[in-house]
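Step one of this worksheet: look at the structure below.
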Amino acid sequence: MQLEFPDGAKRDYDPGVTSRAVAEGISPSLAKRAALVRLDGQLRDLDRPLETGGRIEFLMRDDPVVLETIRHDASHVMAEAVQELFPGTQVTIGPAIEDGFYYDFARDTPFSLDDLPKIEQRMREIVDRDEKITREVWDRDEAIAHFEAIGERYKAEIIRDLPEGETITLYRQGEWKDLCLGPHLPSTKMVGKAFKLTKLAGAYWRGDHRNAQLQRIYGTAWASQADLDAYLLRVEEAEKRDHRKIGRAMDLFHMQEEGKGMVFWHPKGWTLWRTLEAYMRRRLDAAGYVEVKTPQVLDRSFWEKSGHWEKYRPNMFVCETEEGEVLSLKPMNCPGHVQIFDVGQRSYRELPIRMAEFGACHRYEPSGSLHGLMRVRGFTQDDAHIFCREDQIEAETERFIRLTRMIHKDLGMDTDHIALATRPPVRAGSDAFWDKAEGTLLSASRKAGVEPVIAEGDGAFYAPKLDFIVKDAIGRTWTCGTLQLDYVLPERLGAEYVAEDGSKQRPVMLHRAILGSFERFIGIMIENYAGAFPLWLAPVQVVVATITSDAESYAREAAERLRSAGLRVEGDYRNEKINYKVREHSLAKVPVIAVVGRKEAENGQLALRRLGSDGQEVVSLEAAAQLLSGEALAPDLRGEA
RNA sequence: GCCGGUUUAGCUCAGCUGGUAGAGCAGCGGUUUUGUAAACCGAAGGUCGGGGGUUCGAGUCCCUCAACCGGCGCCA
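Throughout the first sequence, residue numbering follows our numbering, covering 20 to 660 in sequence.
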């Protein structure tokens, strides 16, 4: 058989030769340093015999591709360590994940955090043992019998569920064996010691909450200690951006026990909200939306009609009056919007109707899923429903994609990608219906200049949807914005319009949101900007800070002038040193500090200091008012003057 | 909802194997009038998350409830 090397050289070998032997033939140091091989694009173990020729490439330990294998192997080393330390623990699965790995174990007594250092220590020993990792092909029944005999019933179950005829491979390292597809590094030594066990968690067997709960141990692993340190630093930096921390420090909002999942917005946080809402309202007005407001609480019979009572009841806040009336806080705005659509007779000429609401909704989310502003029980959606004819879906979708991308950009978020969630396995509607619906969303995306990533099977059971995934300043992605087709609700609630030919027709509804909820989006913005909002969004835009009390009356006058220019201004006239004030307002992420000393007071000036720079520009009060009020315009208002 | 962890002053956190709570910052009072990231002095501030138990004695040990944090699940 013939092997072709990356440099184009071709050489003949006998079938059955291992990659390692091939490497040794080239240079002993290559064989020593190689971690994996790639044969015709497929990763393989170094010691696995080559049966066929092909393009071969040796991958060194520092190759990014190998990193995933290091993590996978680290999970195996961890499993070996755990089974040595805690006999009777069963193994299940342990894959590499982003930045690390985990392994799920079945054990009666739970692990405690104190166990992690012990496990880490044993892992280091296993790395030092330099155990050879070898691949073995087993007979299916023998493999099942083997795992059952040693009490590994989860492994046995995995093999049983593999399709007949699948090659069963076990990997052996030292005394320890695991069912695994591979590939793996040649020895535990190559895993290295740049790993750390990070957290414990419960996880359901096969991800199904009806199954047994296993114990998951998470770890992170890297090719070098430097990479591990860099990662840990990155995690630390991300923690500093935590919106809950910044929200407290900047006095934006708080939450308390009596209202879990409910937000108390403080004056500064609410200023941020109002600024965002005003911006959104202008954008929606300009995009041809009409805004409405629908009731917060509606009778049970209404939710029965909409179908929510049957399907969504566990998530609804239901209340009962003294008279025994049963009502629910709205969990969604859509049924309310259909009520407005349903009043009077609609004509095809009116369509599309783009009906928007900053709709406050309440959902009884499970306690374990609550998370700061990101997942709450009381929230306000930037919701809208587009009622349109079938033939308008594509154009409306395209308009929406363009609008959404513009707004995300204005708010400091780059679009990472748009996902087209297609038909799920269990669904309503014919294949022809799905073909058409998915096709419409796809072609609309392309017309808007976007090629969506297909999220196979992620659609709702009645129609496909588009999700907008944005990327923040530190590379994390968030789903913000969605467009969902709906033929069902108009039907249920009897929405219709009179068509050109006089017949009654059902409109299609497009559910759509750009931010998602204000709460969550503001949380994301806080983390994206790390609290340092651009001038137009900052709750406090300027602090006028005095150096001496002599300058106070001028400073008050200056603050008033800036306010009259539309800026959000605070005055700091305290008896403190300017260093102290600068530090405090800088930490509070105030974009502009206007320093006023004797000089400025005498000359009618301000010394402007911008957040993030230590220079100053001294300008006249009038010029400062002009300059800053211009800079503080929202993105949609710029360039009009 | 499930698993693990946390809960001490407004905030950030100490408090060893049980002996009766402490620091820094903020806030308050005073001194200082200051030129771009922390001036100085002083007084005050706590049902140690709630409830129950063990003990002569509990912030510390046990039980229980809650909230929060990290995951899992959920998010028609």
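Beta carbons are placed, not taken as given, at the ideal position from N, Cα and C, and that holds for glycine.
Computed from a predicted model, the values in this text were never measured in an experiment.
Exercise for the section: Determine contact between the segment 431–445 and the segment 476–494, defined as no fewer than three beta-carbon pairs at a distance below 8 angstroms. Expected result: yes
Handout entry: Residue range of the beta strand (DSSP E) that includes residue 108
Key = Counting from one through the first sequence, the residue named residue 108 turns up at place 89. Per DSSP, residue 108 belongs to no beta strand (DSSP E) and is neither H nor E.
Problem - Backbone CA spacing between residue 50 and residue 79 [nearest angstrom] - result: Position 31 of the first sequence, counted from the start, is the residue given in the question as residue 50. Position 60 of the first sequence, counted from the start, is the residue given in the question as residue 79. Cα-Cα distance, rounded: 10 angstroms.
Problem - Straight-line Cα distance separating residue 289 from residue 6 - result: The structure shown has nothing for residue 6, since the chain only spans 20 to 660.
Exercise for the section: Please classify residue 387: is it buried, with 16 or more other beta-carbons within 10 angstroms of its beta-carbon, or exposed? Expected result: Taking the first sequence and counting its residues from 1, the one referred to as residue 387 is at position 368. Looking at its Cβ environment, which holds fewer than 16 other Cβ atoms inside 10 Å, residue 387 is exposed.
Exercise for the section: Could you spell out the range, first to last residue, of the beta strand (DSSP E) harbouring residue 367? Expected result: For the purposes of this step, residue 367 is identified with residue 348 of the first sequence, where counting begins at 1. That residue, residue 367, is in no beta strand (DSSP E); it is neither H nor E in DSSP.
Problem - Where residue 304 falls, given that 16 or more other Cβ within 10 Å makes a residue buried - result: Translated into the one-based positions of the first sequence, residue 304 becomes position 285. Exposed is the call here.
Exercise for the section: Please look up how many angstroms separate the CB atoms of residue 630 and residue 648, rounded, as I've assumed it's under 8 angstroms. Expected result: Looking up residue 630 in the first sequence gives position 611. Looking up residue 648 in the first sequence gives position 629. That belief does not hold up - the Cβ atoms of residue 630 and residue 648 are roughly 18 angstroms apart, past 8 angstroms.
Exercise for the section: Under 8 angstroms by Cβ, that's how I've got residue 370 and residue 526 pegged, so tell me the actual separation to the nearest angstrom. Expected result: The sequence position of residue 370 within the first sequence is 351, counting from 1. The sequence position of residue 526 within the first sequence is 507, counting from 1. With a Cβ gap of about 6 angstroms, residue 370 and residue 526 count as contacting.
Exercise for the section: Please classify residue 244: does DSSP put it in a helix, a strand, or coil? Expected result: In the first sequence, counting from the first residue as 1, residue 244 sits at position 225. Reduced to three states, the DSSP call for residue 244 is helix.
Problem - C-beta atoms of residue 437 and residue 469 nearer than 8 angstroms - result: The count along the first sequence starts at 1 and reaches residue 437 at position 418. The count along the first sequence starts at 1 and reaches residue 469 at position 450. Yes, they are a contact pair.
Problem - Cβ neighbour criterion (16 or more within 10 Å) applied to residue 83 - result: On the first sequence, residue 83 is found 64 positions in, with the first residue counted as 1. So residue 83 counts as exposed.
Handout entry: Local Cβ density within 10 Å of residue 279, reported as buried at 16 or more and exposed below that
Key = Residue mapping note: residue 279 aligns to position 260 of the first sequence, counting from 1. Flag for residue 279 reads exposed.
Handout entry: Which of helix, strand or coil DSSP assigns to residue 433
Key = Position 414 of the first sequence, counted from the start, is the residue given in the question as residue 433. Correct three-state label for residue 433: strand.
Practice task
Tell me residue 318's beta-bridge partners as DSSP assigns them.
Solution key: The sequence position of residue 318 within the first sequence is 299, counting from 1. Answer by DSSP bridge pairing, in chain order: 346.
Practice task
Quick one: grab the DSSP three-state call for residue 148.
Solution key: Along the first sequence, read from residue 1 onward, the residue named residue 148 stands at position 129. Helix, per DSSP.
Problem - Three or more C-beta pairs below 8 angstroms linking the segment 261–268 and the segment 227–238 - result: no
Problem - Closest by C-alpha distance to residue 72, when choosing among 23, 53, 63, 55 - result: Locating residue 72 in the first sequence gives position 53, where the first residue counts as 1. Among 23, 53, 63, 55, the Cα nearest to that of residue 72 is on 23.
Practice task
Give the single residue among 568, 212, 178 whose Cα lies nearest to the Cα of residue 93.
Solution key: Numbered from its first residue, the first sequence carries residue 93 at position 74. Minimum Cα distance to residue 93 is reached at 212.
Handout entry: Distance CB(residue 215)-CB(residue 186) smaller than 8 angstroms
Key = Looking up residue 215 in the first sequence gives position 196. Looking up residue 186 in the first sequence gives position 167. Cβ atoms of residue 215 and residue 186: not closer than 8 angstroms.
Exercise for the section: Would you kindly work out how many angstroms separate the C-alpha atoms of residue 192 and residue 33, rounded to a whole number? Expected result: In the first sequence, the residue the question calls residue 192 occupies position 173. In the first sequence, the residue the question calls residue 33 occupies position 14. For residue 192 and residue 33, the distance between alpha carbons rounds to 28 angstroms.
Exercise for the section: Tell whether a beta-carbon distance below 8 angstroms holds between residue 563 and residue 578. Expected result: As a working mapping, residue 563 is identified with position 544 in the first sequence. As a working mapping, residue 578 is identified with position 559 in the first sequence. Yes, they are a contact pair.
Exercise for the section: Indicate whether the contact test is met: 3 or more Cβ pairs, each with one atom in the segment 410–419 and one in the segment 455–472, closer than 8 angstroms. Expected result: yes
Handout entry: Nearest candidate by alpha-carbon position, reference residue 422, set 276, 58, 301
Key = Here residue 422 is taken as the residue at index 403 of the first sequence, counted from 1. Checked all of 276, 58, 301; the closest Cα to residue 422 is 301.
Problem - Of the listed residues 532, 121, 152, 500, nearest to residue 378 (C-alpha basis) - result: Within the first sequence, numbered from 1, the residue matching residue 378 stands at position 359. Comparing Cα positions, the closest option is 532.
Handout entry: residue 284: CB within 7 angstroms of a non-hydrogen atom of the ligand PLP
Key = For the ligand PLP, the structure offers nothing, since it holds no ligand at all.
Handout entry: Span of the beta strand (DSSP E) around residue 461
Key = Here the question's residue 461 lines up with position 442 in the first sequence. No beta strand (DSSP E) contains residue 461, which is instead part of the alpha helix (DSSP H) from 450–466.
Practice task
Could you tell me the distance, in whole angstroms, from the CA atom of residue 494 to the CA atom of residue 194?
Solution key: Residue numbering aside, residue 494 sits at position 475 when the first sequence is read from its first letter. Residue numbering aside, residue 194 sits at position 175 when the first sequence is read from its first letter. For residue 494 and residue 194, the distance between alpha carbons rounds to 42 angstroms.
Practice task
Apply the 10 Å Cβ neighbour rule to residue 462 and answer buried if 16 or more other Cβ atoms are within range, or exposed otherwise.
Solution key: Here residue 462 corresponds to residue number 443 of the first sequence, with the count starting at 1. Exposed, since its Cβ has fewer than 16 Cβ neighbours within 10 Å.
Practice task
Within its chain, find whatever has a CB closer than 7 angstroms to the CB of residue 448; leave out the 5 residues flanking it on each side and keep chain order.
Solution key: Start at 1 with the first residue of the first sequence, and residue 448 comes out as number 429. Cβ neighbours of residue 448 beyond the five flanking positions: 481.
Exercise for the section: Report yes if the C-beta distance between residue 567 and residue 592 is below 8 angstroms; otherwise report no. Expected result: Taking the first sequence and counting its residues from 1, the one referred to as residue 567 is at position 548. Taking the first sequence and counting its residues from 1, the one referred to as residue 592 is at position 573. Cβ distance not < 8 angstroms, so residue 567 and residue 592 don't count as in contact.
Exercise for the section: Quick one: grab the DSSP three-state call for residue 330. Expected result: Working through the first sequence from its first residue, we reach residue 330 at position 311. Here residue 330 sits in helix by DSSP.
Practice task
Along the beta strand (DSSP E) that carries residue 160, what are the first and last residues, could you check?
Solution key: Position 141 of the first sequence holds residue 160. Counting along the chain, residue 160 falls outside any beta strand (DSSP E), though it belongs to the alpha helix (DSSP H) covering 159–168.
Practice task
Less than 8 angstroms between the CB atoms is what I'm expecting for residue 483 and residue 504, so what's the real figure, rounded?
Solution key: On the first sequence, position 464 is the one that residue 483 refers to. On the first sequence, position 485 is the one that residue 504 refers to. Rounded, the Cβ-Cβ distance is 6 angstroms, consistent with contact.
Problem - Neighbourhood of residue 456 by C-beta distance below 6 angstroms, restricted to the same chain and skipping five residues each side - result: Numbered from its first residue, the first sequence carries residue 456 at position 437. So the qualifying residues of the chain are 482, 483, 504.
Exercise for the section: Kindly indicate which three-state DSSP category residue 525 falls into: helix, strand or coil? Expected result: As a working mapping, residue 525 is identified with position 506 in the first sequence. Three-state result, residue 525: coil.
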